[in-house]
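In what follows, a structure is listed as structure tokens, so that the remarks can point back to it.
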Amino acid sequence: MASLSIAGITKGFEATQVLKGVSLDIRDGEFLTLLGPSGCGKSTLLRILAGLEIQDGGTISIDDRVVDDLHPKKRDVAMVFQSYALYPHMTVRDNISVPLKMRRLSSWQRLPLFGRCLPNSARIRKEIAGEAGKVAKSVGIEHLLDRKPGQLSGGQRQRVAVARAMVRHPAVFLMDEPLSNLDAKLRVQMRAEIKELHRRLGVTFIYVTHDQAEAMTLSDRVAVMLDGELLQVAPPDAIYAEPNDRRVAEFIGSPK
Ligand code: ADP
Ligand code: MG
Numbered sequence: 001m002a003s004l005s006i007a008g009i010t011k012g013f014e015a016t017q018v019l020k021g022v023s024l025d026i027r028d029g030e031f032l033t034l035l036g037p038s039g040c041g042k043s044t045l046l047r048i049l050a051g052l053e054i055q056d057g058g059t060i061s062i063d064d065r066v067v068d069d070l071h072p073k074k075r076d077v078a079m080v081f082q083s084y085a086l087y088p089h090m091t092v093r094d095n096i097s098v099p100l101k102m103r104r105l106s107s108w109q110r111l112p113l114f115g116r117c118l119p120n121s122a123r124i125r126k127e128i129a130g131e132a133g134k135v136a137k138s139v140g141i142e143h144l145l146d147r148k149p150g151q152l153s154g155g156q157r158q159r160v161a162v163a164r165a166m167v168r169h170p171a172v173f174l175m176d177e178p179l180s181n182l183d184a185k186l187r188v189q190m191r192a193e194i195k196e197l198h199r200r201l202g203v204t205f206i207y208v209t210h211d212q213a214e215a216m217t218l219s220d221r222v223a224v225m226l227d228g229e230l231l232q233v234a235p236p237d238a239i240y241a242e243p244n245d246r247r248v249a250e251f252i253g254s255p256k
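For the sequence shown, counting from 1, position 51 maps to 51 in UniProt numbering; every step adds exactly one.
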């Protein structure tokens with residue numbers, strides 16, 4: 001688990017200012033959703049949190065440690081992408097194993113002579129396959145381990161992406177519209193699975209969506225984002241019942 005502090009994050013691409021000073025504190029174990037229309041800057045903020053993009057200004061801390069200069073792999077966060085970003089030529093087992101192999105590789109590189117054979121050793125390969133199998137089972141895809149992404153349904157691909165993030169045991173889970181490529185019925189079903197996953201893992205979730213119903217049912221708190229700014233951060237009912245800004249009320253469609 002981890003708490004996050006986002007302070008004054010700004011980011012521009014050429015002439016457009018995409019993030020205009022975003023500040024937000026997220027509690028240990030919280031399920032926080034960034035909710036806003038397409039193009040408001042949600043993915044950009046998530047990518048900055050993951051270290052995949054560098055902010056122009058502002059600071060990000062995880063558990064009171066500034067991570068601005070920390071490589072993505074060292075941030076203790078894992079991201080599930082909207083497109084799932086699976087490797088099409090690899091089996092499900094190998095897709096899930098990628099982060100585990102990377103982790104072995106970094107300890108291997110620290111042991112240039114002794115460790116050169118480590119990732120190839122049968123014991124380690126077996127350990128990695130075992131760990132991938134365990135995580136696959138926990139999200140109900142253990143029967144799909146030998147398939148490739150092209151042989152899976154959208155919902156199954158989504159579970160593979162979640163499993164690949166889970167093997168890292170991150171303190172923070174970042175999810176960028178993980179359900180948006182699924183049909184409406186499956187989307188509602190997967191909502192329950194994500195909620196259950198959060199309950200079971202007990203780690204901090206930062207979830208991105210443009211879907212209000214998703215945000216309202218999943219979240220401890222919702223951060224409403226419009227045009228690169230956070231307008232309100234509050235529990236779902238408060239966002240609906242007491243929008244603090246006309247633009248929030250209009251976006252949510254609440255009475256005010
Ligand atoms: P959201 O996820 O809320 O839909 P994004 O963060 O993807 O929004 O994008 C916000 C704005 O930033 C959009 O106008 C988008 O075109 C722009 N943008 C995002 N990434 C880049 C990039 N790498 N280069 C140029 N513009 C970008
Ligand atoms: Mg996006």
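Cβ coordinates follow ideal geometry from the N, Cα and C atoms, glycine included.
message = Helix, strand or coil, according to DSSP, for residue 17 in the structure here?
response = Residue 17 sits at position 17 when you count from the first residue of the sequence shown. Residue 17 falls in the strand class under three-state DSSP.
inquiry  = Could you check whether the Cβ of residue 82 sits closer than 9 Å to any Cβ belonging to chain B?
reply    = Absent from the structure: chain B. Only one protein chain is present.
Residue 7 - partner residues in DSSP beta bridges = For this step, residue 7 is matched to residue 7 along the sequence shown. Answer by DSSP bridge pairing, in chain order: 59.
Same chain, Cβ closer than 8 Å to residue 82, neighbours up to 5 away in sequence not counted = On the sequence shown, position 82 is the one that residue 82 refers to. Around residue 82: 43, 176, 177, 178, 180 and 181.
query = For the ligand MG, is there a heavy atom less than 8 Å away from the beta-carbon of residue 177?
reply = Within the sequence shown, the letter at position 177 stands for residue 177. Result yes, Cβ under 8 Å from the ligand MG.
Best match in 223, 239, 253 and 241 for proximity to residue 23 [C-alpha to C-alpha] = In the sequence shown, the residue the question calls residue 23 occupies position 23. Among 223, 239, 253 and 241, the Cα nearest to that of residue 23 belongs to 223.
key: Pocket of the ligand ADP (residues with CB nearer than 5 Å to any heavy atom), chain order   = 13, 18, 38, 39, 40, 41, 42, 43 and 44
query = Do you know how far the Cα of residue 249 is from the Cα of residue 35?
reply = Here residue 35 refers to the residue found at position 35 of the sequence shown. Here residue 249 refers to the residue found at position 249 of the sequence shown. Those two C-alpha atoms are separated by around 13 Å.
task = Give me the Cα-Cα distance between residue 237 and residue 45, rounded to the nearest whole angstrom.
result = On the sequence shown, residue 237 is found 237 positions in, with the first residue counted as 1. On the sequence shown, residue 45 is found 45 positions in, with the first residue counted as 1. Rounded to whole angstroms, residue 237 to residue 45 spans 24 Å at the Cα level.
ask   = So what's residue 242 in DSSP terms, helix, strand or just coil?
value = Against the sequence shown, residue 242 aligns to sequence position 242. Coil.
inquiry  = Any heavy atom of the ligand MG inside 8 Å of the beta-carbon of residue 212?
reply    = In the sequence shown, counting from the first residue as 1, residue 212 sits at position 212. No, the beta carbon of residue 212 sits no closer than 8 Å to any heavy atom of the ligand MG.
query = Can you tell me where the beta strand (DSSP E) with residue 123 in it begins and where it stops?
reply = Against the sequence shown, residue 123 aligns to sequence position 123. Residue 123 -> not in any beta strand (DSSP E); alpha helix (DSSP H) instead, spanning 122–138.
request  = Indicate, with yes or no, if the ligand MG has a heavy atom lying under 8 Å from the CB of residue 82.
outcome  = Indexing the sequence shown from 1 puts residue 82 at position 82. Yes - the ligand MG has a heavy atom lying nearer than 8 Å to the Cβ of residue 82.
The segment 45–55 touching the segment 71–79, judged by at least three CB pairs closer than 8 Å = yes
Residue environment, residue 126, which counts as buried when at least 16 other CB atoms sit within 10 Å = The count along the sequence shown starts at 1 and reaches residue 126 at position 126. So residue 126 counts as exposed.
message = With a threshold of 6 Å on Cβ separation, who are the neighbours of residue 216 within its own chain once the five nearest residues in sequence on each side are excluded?
response = Here the question's residue 216 lines up with position 216 in the sequence shown. Counting only Cβ-Cβ distances below 6 Å, and skipping sequence neighbours, we find 236.
key: Limits of the alpha helix (DSSP H) - the one that residue 156 falls within   = Mapped onto the sequence shown, residue 156 falls at position 156. Run containing residue 156: 154–166, per the alpha helix (DSSP H) assignment.
request  = Could you check which residue in 230, 226, 199 and 56 has the C-alpha nearest to that of residue 218?
outcome  = Translated into positions along the sequence shown, residue 218 becomes position 218. Comparing Cα-Cα distances from residue 218 to each of 230, 226, 199 and 56, the minimum goes to 199.
request  = With a threshold of 8 Å, establish whether the CB of residue 153 neighbours any heavy atom of the ligand MN.
outcome  = What this structure holds is the ligand ADP and the ligand MG, not the ligand MN.
request  = Would you mind sorting residue 16 into buried or exposed? The rule is 16 or more other CB atoms within 10 Å of its CB.
outcome  = Here residue 16 refers to the residue found at position 16 of the sequence shown. The residue in question, residue 16, is exposed, as its Cβ has fewer than 16 Cβ neighbours within 10 Å.
ask   = Is there at least one non-hydrogen atom of the ligand MG closer than 8 Å to the beta-carbon of residue 208?
value = Here residue 208 is taken as the residue at index 208 of the sequence shown, counted from 1. Checking every heavy atom of the ligand MG against the Cβ of residue 208, one is found closer than 8 Å.
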